[in-house]
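Single-structure report; data block below.
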Amino acid sequence: MTLETLAKDISKSAKAEADAMIAEAQKEADVIVAEATAKAVIIRSEAASRTEREATQLAREIVASARQANQKEILVARRKVLDATLAMTHSELSSPKMKGRASLLKSLMAKADEIGKDFNVRPVEMDRKALSELAGKRGMGDAVPGLGGFVLEATDGSVSYDMRFDTLLEASWKDQLSSTNKILFD
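Residue numbering for the sequence shown follows my numbering, starting at -11 and increasing by one per position.
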């Protein structure tokens, strides 16, 4: 064997060994790439699933928040309508030219007659003239503030009955608020 043949054999053997090592490395690389690809698929799937759940939850929260905001706006709007209705009623009752004012005062004085005759009438100033005609033998006291009507007060000041329009309206408003809501909003 010559040196040249020996060199060729060594070279051939080294090349075969190198090719085997490269082939083995390529197999290992293929296994690593396959494992990484499988892990990437799992990670993408989990991320997509998590993102979908979060998006669904966020959508529910946004819808619930929007519904709550709408409900609040509806309640605020209803409150404004109720306040406007009450203000309009106050305005109507405070008008000396209100239709039916005289008959309302007459009806209140009839209730006062049922309470008793030993009382003084303290009128709202705008109704003083009409009430002095209806009061009969009752004394007329100092004026009281209000939209109309009067306060019936015992002569000794121990008892009084508030028959002013604003007091009656307040009581009626509280009693009839549910019915008013139904009329206005149903």
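We put the CB at the ideal spot given by N, CA and C, even for glycine.
All of these numbers come straight from a predicted model, not from anything done at the bench.
Asked                                                                                                                                                            : Found
Reducing DSSP to helix, strand and coil, say where residue 148 ends up.                                                                                          : strand
Would you give the residue range spanned by the alpha helix (DSSP H) that residue 100 belongs to?                                                                : 89 to 103
If you compare alpha carbons, which of 127, 125, 103, 135 is closest to residue 115?                                                                             : 135
Sorted by chain position, which residues of the same chain lie with C-beta nearer than 7 Å to residue 129's C-beta, five sequence neighbours on each side aside? : 108, 109, 110, 141
Quick check on residue 172: buried or exposed, where buried means 16 or more other Cβ atoms within 10 Å of its Cβ?                                               : exposed
In the DSSP assignment, find the unbroken beta strand (DSSP E) run with residue 113 in it and report its ends.                                                   : Looking at the DSSP string, residue 113 is not in any beta strand (DSSP E), and its letter there is neither H nor E.
Note down the Cα distance separating residue 52 from residue 40, rounded to an integer number of angstroms.                                                      : 18 Å
Report buried or exposed for residue 9, applying the criterion of at least 16 other Cβ atoms within 10 angstroms of its Cβ.                                      : exposed
Can you look up residue 140 in the DSSP assignment and give me helix, strand or coil?                                                                            : strand
Going by DSSP in three states, residue 86 sits in which element: helix, strand or coil?                                                                          : coil
Measuring CB to CB, does residue 151 end up less than 8 Å from residue 70?                                                                                       : no
For the stretch 82 to 97 and the stretch 117 to 127, state whether three or more C-beta atom pairs, one from each stretch, are separated by less than 8 Å.       : yes
Just tell me which of 75, 100, 60 has its CA closest to the CA of residue 126.                                                                                   : 100
In whole angstroms, give me the CA-to-CA distance for residue 56 and residue 47.                                                                                 : 14 Å
State the Cα-Cα distance for the pair residue 21 and residue -10, rounded to the nearest angstrom.                                                               : 45 Å
Hey, residue 137 and residue 122 are a contact pair by Cβ (cut 8 Å); roughly how many whole angstroms apart?                                                     : In fact, because the Cβ distance is near 11 Å, the residues do not count as touching under 8 Å.
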